[in-house]
Structure formats: C-alpha cells, structure tokens
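**Student:** Submitted below is the structure of interest, expressed as structure tokens.
Residue numbers (the numbering used here): 25 to 243.
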C-alpha cells in the first residue's frame, strides 16, 4: 500500500498544494460573485467554510507530519502525539483516501484496502509500544468504517460522542461524504449518526495482536 503524495518530491508536493489552494480561491470568488449577484451574499460564508473543510486535510495532514504532530502507522491510519496519557487515532482523511485508494478497483476492494490499512496500522502501533514500559495510555478514535462489534474485537468500546466532536462531524459532513464517495466509487452522503466514537486501553490492544495478525492474513 503506497501513499502517492509522499512519493512526490517536495517541489511537486508544494506545486500540488498551491494548485489546490488556487482552485479553492478561484471557486470561492466565482461563487461569491454569483451569490452576491443573486442577492444572497451570506451564502458565500457557508460555501467558504464547507469548501475549506474539504481543502484543509490536503494542507493540514502533510504539515502535521512534517512538524511531528502526526504519525503515520500505515498510509490509512494516523495518530496524534500522546498527550496526558491519551492517544487520538484517525482513520485516513480525504487527503489520504485520494492518494492511496485505486479508482480502478471495485468498491468492495477499496473497502477491503481501507480495513487492511487500519489493521496494518494497529499492528505497527502495537509493535511501537509493546516493548516500552509506559503502556497506561488510553486510545480514542472515531470511525465511519468500523462498526462497534468489530471495534470490540480489537479492544475498543463504543463511547458517546461528545458535543464538540459532534459539531465538528457535522461541520465536516461534506468532507466525510467525499471520503465515502471515493471508497464506494459513487456519490455517497454521510450519515453522522453512524459515525462512532471508541475508546480503549493500549494494553488491551496489545493483547489483541495475535487476532489482528490473523485478521491481516485474511484481508
């Protein structure tokens, strides 16, 4: 599994990002002009924020990786730095799905690739921490790919999504819908009620290593 963005040279990466930013600015200027002409300029702010949520991962994720604030455990599984004994896991962003998934594959093959990326990332996370003394770490994650039953098998329990997280999910609805559309290969709309939050202990995840290895062999 290869992340095509990081195969590019630094110059090519910057060129891609600048083109994307230019497209974002041009699109918002054009739409802003149309909405102003139609007498509804306030709609421009809505379009601006929605389009920003789509652009953001293409800038934020590579920047976070370079700054050391984000770590790839696989091309489709990212973790934030541990803070206060808590580690936040993120499945691939729209940016990652765009550069990792193969559009020529079937929807089933792409979903299988996503699951494989998650499992490979969890195994690498385990291997990073299993020999360390400090394992009293709580892992938190949010996913619209993994259901509660599957999550429980690898040591995660479903928890209630807090209010702020719910607001962020709704703000990123278009972003999430775009990600789902890439995975399914057709226009898809996210159902935020089916985006689940999970929590588990690192030690419990480490104890599931054999299960994850077996699952990886089947995928």
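We put the CB at the ideal spot given by N, CA and C, even for glycine.
No experiment lies behind these values; they were computed from the predicted model shown.
(1) With distance defined between alpha-carbon atoms, name the residue in 177, 211, 25 nearest to residue 123.
(2) Looking only at C-alpha atoms, which of 117, 95, 177, 239 sits nearest to residue 200?
(3) Taking its Cβ as the centre, do 16 or more other Cβ atoms sit within 10 Å of residue 70, making it buried, or is it exposed?
(4) Under a three-way DSSP split, which group does residue 94 fall into?
(5) Among 228, 235, 188, which has the Cα closest to the Cα of residue 244?
(6) Are there 16 or more other CB atoms within 10 angstroms of the CB of residue 147, so buried, or fewer, so exposed?
(7) What are the start and end residues of the beta strand (DSSP E) that includes residue 32?
(8) When DSSP labels each residue in this structure, what does residue 238 get in the three-state scheme?
(9) Taking Cβ positions, are residue 82 and residue 32 nearer each other than 8 Å?
(10) Just to confirm the assignment, what range does the alpha helix (DSSP H) spanning residue 198 have?
(11) Given a cut-off of 8 Å, decide if residue 233 and residue 170 are closer than it, judged by their beta-carbon atoms.
(12) Would residue 265 be called buried (16 or more neighbouring beta carbons within 10 Å of its own) or exposed?
(13) Excluding five sequence neighbours on each side, which residues of the same chain lie with their C-beta closer than 7 Å to the C-beta of residue 198?
(14) At what residues does the beta strand (DSSP E) containing residue 113 begin and finish?
(15) Using the three-state DSSP reduction, which class does residue 159 fall into: helix, strand or coil?
(16) Measuring only the C-alpha atoms, how far is residue 135 from residue 208?
(17) In this structure, does DSSP put residue 148 in helix, strand or coil?
(18) Please name the residue, chosen from 101, 230, 185, that lies closest to residue 119 on a Cα-to-Cα basis.
(19) Please classify residue 219 as buried or exposed, where buried requires at least 16 neighbouring CB atoms within 10 angstroms.
(20) Mapping DSSP to helix, strand and coil, what is residue 166?
(21) Should residue 87 be listed as close to the ligand ATP, given that the test is whether its C-beta is under 7 Å from any heavy atom?
**Tutor:** Considering the structure as presented:
(1) 25
(2) 117
(3) exposed
(4) strand
(5) As displayed, the chain neither begins before 25 nor continues past 243, which places residue 244 out of reach and without an answer.
(6) buried
(7) Per DSSP, residue 32 belongs to no beta strand (DSSP E) and is neither H nor E.
(8) helix
(9) no
(10) 197-208
(11) no
(12) What the structure shows of the chain is the stretch from 25 to 243, and residue 265 is not part of that stretch, so it cannot be assessed.
(13) 74, 77, 78
(14) 110-115
(15) coil
(16) 8 Å
(17) helix
(18) 101
(19) buried
(20) strand
(21) With respect to the ligand ATP, the structure offers nothing, as it holds no ligand at all.
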